[in-house]
Amino acid sequence: MKEYDFTLKYRLGSTDENPEQYLSSLATTGCEDAIVGIGQTGLIAINFIRKAESALQAVTSAITNVQQAIPDAKLIKATADFDNAFD
């Protein structure tokens with residue numbers, strides 16, 4: 146398996162929602178391989194370095210994990226480290 150480095154940015158259900166409340170639920174739904182950015186109210190950015198068979202598998206599994214932790218969040222941006230992305 147290869148490691149894939151990518152970031153998913155989400156808009157939370159409410160623009161005044163504090164993203165810090167989701168840190169423990171992200172950890173328990175499979176996002177232990179992530180660094181979470183919570184600097185903006187109403188937004189959360191999650192950088193993953195995920196081992197998977199393919200980039201698609203890495204990204205889709207991460208999206209699934211985040212949706213389990215934060216069901217009302219909307220994915221607004223996905224970016225990848227282009228040195229290893231989508232081989």
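Positions 146 to 232 (the numbering used here) are the ones given, in order, by the sequence shown.
Glycine is no exception: its CB is placed at the ideal position from the N, C-alpha and C atoms.
Looking only at its own chain, which residues have a Cβ that is under 6 Å from the Cβ of residue i, when we skip the five neighbours before and after it?
| i | result |
| --- | --- |
| residue 210 | 174, 175 and 176 |
| residue 222 | 154 |
Would you mind reading off the limits of the alpha helix (DSSP H) that contains residue i?
| i | result |
| --- | --- |
| residue 173 | 168 to 173 |
| residue 157 | Premise fails: residue 157 is in no alpha helix (DSSP H) and is neither H nor E. |
| residue 209 | 200 to 214 |
To which residues of the same chain is residue i closer than 7 Å at the C-beta, ignoring the five residues directly before and after it?
| i | result |
| --- | --- |
| residue 224 | 151 and 152 |
| residue 168 | 181 |
Below 8 Å on the Cβ atoms is my guess for residue i versus residue j; work out the distance and round it to an integer in Å.
| i | j | result |
| --- | --- | --- |
| residue 200 | residue 149 | 5 Å |
| residue 217 | residue 157 | 7 Å |
May I ask you to report which of helix, strand or coil DSSP gives residue i?
| i | result |
| --- | --- |
| residue 177 | coil |
Hey, would you say residue i sits closer than 8 Å to residue j, going by beta carbons?
| i | j | result |
| --- | --- | --- |
| residue 187 | residue 162 | yes |
Would you give the residue range spanned by the beta strand (DSSP E) that residue i belongs to?
| i | result |
| --- | --- |
| residue 224 | 219 to 225 |
| residue 191 | 188 to 197 |
Among the residues of its own chain, which have a CB less than 8 Å from the CB of residue i, if the five just before and after it don't count?
| i | result |
| --- | --- |
| residue 203 | 149, 151, 193, 195, 196 and 197 |
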